[in-house]
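What follows is a set of notes on a single structure, which appears directly below.
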Amino acid sequence: MKKQILTLLFAVAACFSSYAQCDKKNVLSASSTEYLNASNEVQNTDDKTTTVEFDSKGVVIMPGEDVMEGNVNSISCDWKVPYKEGKTVIKATLTRSNGQVMNIIITIEGKEGKLTLLAEFEEAPDRKVRLTLDKFEEKK
828 MKKQILTLLF AVAACFSSYA QCDKKNVLSA SSTEYLNASN EVQNTDDKTT
878 TVEFDSKGVV IMPGEDVMEG NVNSISCDWK VPYKEGKTVI KATLTRSNGQ
928 VMNIIITIEG KEGKLTLLAE FEEAPDRKVR LTLDKFEEKK
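Going from the sequence shown to the working numbering is simple: count from 1 and add 827.
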């Protein structure tokens with residue numbers, strides 16, 4: 828009985844810690860960007876640094892000098908090891924600095940020590956952006 832209660836407590840704690848990561852202000856960055864087609868084949872690469880900040884309410888994406896920001900419509904987190912092993916999916920509406928509005932799905936995934944971000948645009952389903960992350964952590 829003790830083992831079952833202990834197991835339940837650990838499961839609840841893990842659940843809260845993975846959800847808590849969704850509520851926190853997070854920052855990530857990548858030093859290169861891959862532009863993909865609908866089949867996830869690399870079409871182009873760029874070596875500019877991209878920074879992304881997000882929490883459960885908003886997201887800001889800064890590829891080089893450009894800025895896109897907006898509201899988070901939904902977010903889900905499932906991290907076994909915070910910022911290392913797991914997945915976050917964000918659906919957001921972003922506005923670029925030129926006024927263009929876009930709906931985006933951002934998937935951040937940590938698997939076997941590798942962290943990636945995949946951005947998919949509803950208005951351009953044949954175009955995706957993938958970042959291999961250098962940094963992913965809570966913004967203090």
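Here a beta-carbon is modelled for each residue, glycine too, at the ideal position from N, C-alpha and C.
* Asked: When burial is assigned at 16 or more other CB atoms within 10 Å of the CB, is residue 861 buried or exposed?
  -> buried
* First through last residue of the beta strand (DSSP E) which encompasses residue 962 -> 962-965
* **Pair within 9 Å by beta-carbon distance, residue 914 and residue 882** => no
* May I have a chain-ordered list of the beta strand (DSSP E) segments no shorter than 3 residues that lie completely inside the stretch 881-923? => 885-890, 895-908, 912-923
* Asked: residue 934 and residue 916: beta carbons closer than 9 Å?
  -> yes
* Asked: In chain order, what residues of the same chain lie with their CB nearer than 6 Å to the CB of residue 858, ignoring the 5 residues before and after it?
  -> 876, 961
* Asked: Under 9 Å, do residue 953 and residue 867 count as touching if we go by C-beta distance?
  -> Cβ distance not < 9 Å, so residue 953 and residue 867 don't count as in contact.
* Exposed or buried, which one is residue 955 when buried takes at least 16 other CB atoms within 10 Å? -> buried
* **Span separating the alpha-carbon of residue 887 from that of residue 936** => 18 Å
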